[in-house]
Amino acid sequence: MSGQLPGSMGALRRQGIIILTYVLAALELTCLFMQFSILPYLSRTLGLDSVVFGYVQTTFGVLQLLGGPVFGRFADQYGARAALSLSFVAASTLYLLLVASCSPALPGVFLLFASRIPAALMHTLPAAQMVITDLTAPAERPAALGRLGLCFGIGVIFGSLLGGTLNTTYGIQCPAIVALVVTLLGAVLSFTCVPVTTKEAGVQSAHQGGTKASVFDLKAITRLLLLPNVLPVFLVKVISGFPSGVFMVMFSIISMDFFQLEAAQAGYLMSFFGVLQMVIQGLVIGRLSTHFPEEALLRSSVLVFAVVGLGMALMSNVLHFCFLMPGLVFSFCALNVVTDSMLTKAVSASDTGTMLGLSASVHPLTRTVGPTLGGLLYRSYGVAIFGQVQLMVNLLVLLVLWRKPLSQKKDKAQ
């Protein structure tokens with residue numbers, strides 16, 4: 151079973167590693183949202199218009215999309231220590247280039263685009279998910295993965311607040327410098343405190359005894375994706391969450407144009423979003439997973455997505471959106487936690503990192519096509535179109551799930 155521990159690791163040691171993994175994930179996500187909070191201001195300082203700023207965002211999304219599955223295979227083959235260390239070193243490189251791009255004496259626009267390149271290897275959250283998956287039993291996995299929502303919420307709240315405060319008080323370079331120092335600390339902690347591997351002894355022996363395929367082996371990645379118990383769950387994850395994902399990519403523009411919010415007000419709204427995510431994913435989803443089957447939770451997330459989509463199609467001010475946010479956050483959290491749990495159970499223990507890397511590529515996919523597609527829809531049809539598309543897509547997904555329930559077989563892919 152993938153939930154069993156490596157033979158040399160006791161329960162106390164396991165718990166310490168899990169807690170450290172949560173801390174590392176929270177640190178990395180806080181730095182990431184600090185970066186997101188200063189990028190618009192840095193782009194304006196460098197004289198970039200909204201189109202070029204969109205290219206910067208798209209570059210980040212494309213590189214994360216391409217790097218996710220490859221990073222997952224790297225984590226499977228070389229272990230948790232190498233994966234987390236690599237991710238933090240890549241993040242440190244990104245923030246170092248970002249600091250340099252703030253200097254008037256250097257080519258800022260070139261360095262800003264260059265700072266996107268390390269994003270291909272910045273996958274701390276999938277690496278953390280792999281560690282949690284390896285060190286928890288299948289029955290405990292949804293709750294354990296759900297607690298990573300606390301880390302995400304901490305990142306949203308403290309990253310956004312710190313980024314804005316440090317930028318206003320000490321200048322635009324300060325958040326990037328702080329993020330550089332924190333990610334270097336994360337790299338040191340990963341290299342010194344995380345075990346070489348969190349896989350079972352049998353899985354480790356299989357990796358060492360067999361022929362080690364390249365981390366760039368696209369056939370192996372495709373083979374996993376096309377497994378009968380994997381592809382339907384993966385498609386539900388992509389299709390159901392895509393409309394609301396596009397809306398969230400466009401949210402900074404919608405908050406200014408449609409809701410008429412000031413920067414500080416938009417920050418408070420995002421902090422509210424982060425608090426909801428912490429509570430729902432960290433506390434609610436784990437409890438629900440002990441009382442209801444995963445497929446029931448998946449259907450409920452799709453149903454709530456559809457209901458929220460109807461509300462978004464009818465909303466006219468920010469107060470309406472505040473009432474819709476709990477449902478939106480619940481759907482996001484339930485969809486991500488349940489599908490990640492189902493996908494890791496559908497593959498062998500030696501492939502959990504690759505599977506989580508594939509799963510983590512869904513969000514970069516949205517960030518890649520979201521700015522262009524979302525901008526076109528918003529300009530042509532207004533905010534209501536996002537709710538209408540979300541309603542129709544999720545009603546269709548719900549119909550498919552009722553007519554063709556997802557397989558609940560426990561057999562692992564060989």
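Add 150 to a position in the sequence shown, counting from 1, and you land on the number used in this note's numbering.
Cβ atoms here follow ideal geometry from the backbone N, Cα and C, with glycine treated the same way.
Identify which residue in Arg163, Ala293, Ala289, Phe341 has its Cα closest to the Cα of leucine 236. Phe341
To the nearest angstrom, report how far apart leucine 460 and proline 257 are at their CA atoms. 47 Å
What is the rounded straight-line gap between the Cα of glycine 222 and the Cα of leucine 438? Their backbone Cα atoms lie some 28 Å apart in a straight line.
Cβ-Cβ distance between threonine 274 and leucine 174 below 8 Å: yes
Could you say which of Met462, Val306, Val220 lies nearest to proline 276 if we only look at CA atoms? Val220
Report all residues from its chain with a CB closer than 7 Å to the CB of glycine 336; omit the five preceding and five following residues, and keep chain order. Leu174, Leu177, Glu178, Phe238
Taking the beta carbon of asparagine 467 as the centre, do at least 16 other beta carbons fall within 10 Å, making it buried, or is it exposed? Classification of asparagine 467: exposed, given that the 10 Å Cβ count is below 16.
Measuring CB to CB, does serine 491 end up less than 8 Å from methionine 420? no
Which stretch, first to last residue, makes up the alpha helix (DSSP H) that contains serine 451? 444-464
Between the CA atoms of alanine 446 and leucine 453 - distance to the nearest angstrom: 11 Å
In this structure, how does DSSP classify alanine 176 when only helix, strand and coil are distinguished? Looking at alanine 176 - three-state DSSP - the assignment turns out to be helix.
Counted within 10 angstroms of its Cβ, other Cβ atoms place leucine 378 as buried (16 or more) or exposed: The sequence given here has proline at residue 378, not leucine. Proline 378 should be labelled exposed.
Assumed close pair leucine 300, leucine 196 - CB separation to whole angstroms, cut-off 8 Å: Rounded, the Cβ-Cβ distance is 35 Å, inconsistent with contact.
Measuring CB atoms only, is the region 294-308 touching the region 202-212, in the sense that at least three cross pairs come out at less than 8 Å? no
Whole-angstrom distance between alanine 270 and leucine 426, CA atom to CA atom: 29 Å
Could you give the distance in angstroms between the alpha-carbon of proline 521 and the alpha-carbon of arginine 163? Rounded to whole angstroms, the gap between the alpha carbons of proline 521 and arginine 163 is 44 Å.
In angstroms with no decimal places, state the Cα-to-Cα distance between threonine 440 and alanine 484. 13 Å
I'd like the list of long-range same chain contacts for valine 212, defined as Cβ closer than 6 Å, with 5 residues on each side in sequence excluded. Thr518
Exposure of histidine 470, with buried meaning 16 or more beta-carbon neighbours within 10 Å: exposed
Close beta carbons around isoleucine 430, own chain, < 6 Å, minus the five adjacent residues each side: Val479, Phe480, Cys483
Please determine if the region 495-503 and the region 181-191 are in contact, where contact requires at least 3 C-beta pairs separated by less than 8 Å. no
Could you tell me the boundaries of the alpha helix (DSSP H) in which isoleucine 327 lies? 323-343
Measuring only the C-alpha atoms, how far is leucine 551 from methionine 428? About 28 Å.
Spatial distance of alanine 253 from glutamine 415 (CA atoms): Here residue 253 is serine; the residue named in the question, alanine, does not match the sequence. Taking the straight line joining both Cα atoms gives about 29 Å.
Would you call the CB atoms of glutamine 279 and leucine 448 closer than 8 Å? Contact flag unset, no.
Boundaries of the alpha helix (DSSP H) in which arginine 291 is found, first to last residue: 291-296
Assigned secondary structure, arginine 373 (DSSP; H/G/I helix, E/B strand, else coil): It is helical.
Are there 16 or more other CB atoms within 10 angstroms of the CB of leucine 248, so buried, or fewer, so exposed? buried
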